[in-house]
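Residue numbers (my numbering): 28 to 258. For each residue, glycine too, the CB sits at the ideal point set by N, CA and C.
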Ligand SMILES: C[S@@+](CC[C@H](N)C(=O)[O-])C[C@H]1O[C@@H](n2cnc3c(N)ncnc32)[C@H](O)[C@@H]1O
């Protein structure tokens, strides 16, 4: 499991180049993945949403664009330099002025129980030191009937794995190192993707944490999966 101190300082180091690196390394597909997440949340019409591990805020901004103005949106992350990126985008573009960006740890959420109708987490759960505890925390802050949406890397379709892991192991770390000046951060990315469970095991983790009506959509040959479950 990842070491939270190392994860926090790694994101602090790459915060300023995080958005650009995402765009280049995924060829822009990451935007489509986040759109799928936001589409699922919007269909449920939540009144209060927590975007956990919000990072530079792109899911929170997309939610703010797509949901009615009265919807309360909180973007939370434990890494202040990542939140600073979100806040500077908010100030610069006036995007999502109503989003409340707050520091908080996914393993001990600073929120009362039963606060939100939806919790989203995009490419965040893989980085958490204790996934079971993080899922329990997300369930705790959801109202009964509220829904969790987890967008995360997964294990791709069998035939595509060799090509995919060639990219993530051999090509991605040097390219990302050149782009961000931090090759180690992207070696970690590859290791964390490889260690992450496939879609069936992840669905089971949601059920083990007490979620019901668990569903999963595999995106882009299973590179990414969108899991959801109801409290
Ligand atoms: C890969 S980024 C994802 C950012 C954003 N959600 C996105 O889709 O681009 C992962 C984020 O998870 C945050 N994170 C990792 N562990 C965390 C924890 N225990 N509590 C809160 N945030 C955490 C990191 O600080 C980082 O901003």
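The three-state reading of DSSP puts residue 163 in helix, counting H, G and I together. In the structure shown, residue 206 falls within a helical segment according to DSSP collapsed to helix, strand and coil.
As computed with DSSP, residue 130 is found in a beta bridge with 104.
Beta-bridge partners of residue 143 (DSSP): 169. Taking 4 residues as the shortest admissible run, the stretch 57–115 contains the following complete alpha helix (DSSP H) segments, listed from N- to C-terminal end: 85–93.
Ranked by Cα distance from residue 207, the options 86, 41, 32 and 36 are led by 41.
When only Cα atoms are considered, residue 116 and residue 218 end up about 30 Å apart.
In the three-state scheme derived from DSSP, where H, G and I count as helix and E and B as strand, residue 233 is classed as helix.
The beta carbon of residue 28 is closer than 7 Å to those of 156 and 157 in its chain, skipping five residues each way along the sequence. Around the beta carbon of residue 107, fewer than 16 other beta carbons lie within 10 angstroms, which makes this residue exposed. The nearest non-hydrogen atom of ligand 1 is less than 7 Å from the C-beta of residue 79.
Under the criterion of beta carbons closer than 8 Å, residue 56 and residue 176 do not qualify as touching, at roughly 18 Å.
Annotation for residue 65 indicates a beta carbon at 7 Å or more from all heavy atoms of ligand 1.
When 252, 123, 134 and 169 are compared, the shortest CA-CA separation from residue 83 is found for 123.
If you check the CB distance, residue 64 and residue 103 do not come in under 8 Å. The three-state secondary structure of residue 226, taken from DSSP, is helix.
In the displayed model, residue 252 falls within a strand according to three-state DSSP. The beta carbon of residue 92 lies closer than 8 Å to those of 122 and 123 in the same chain, with the five residues before and after it left out.
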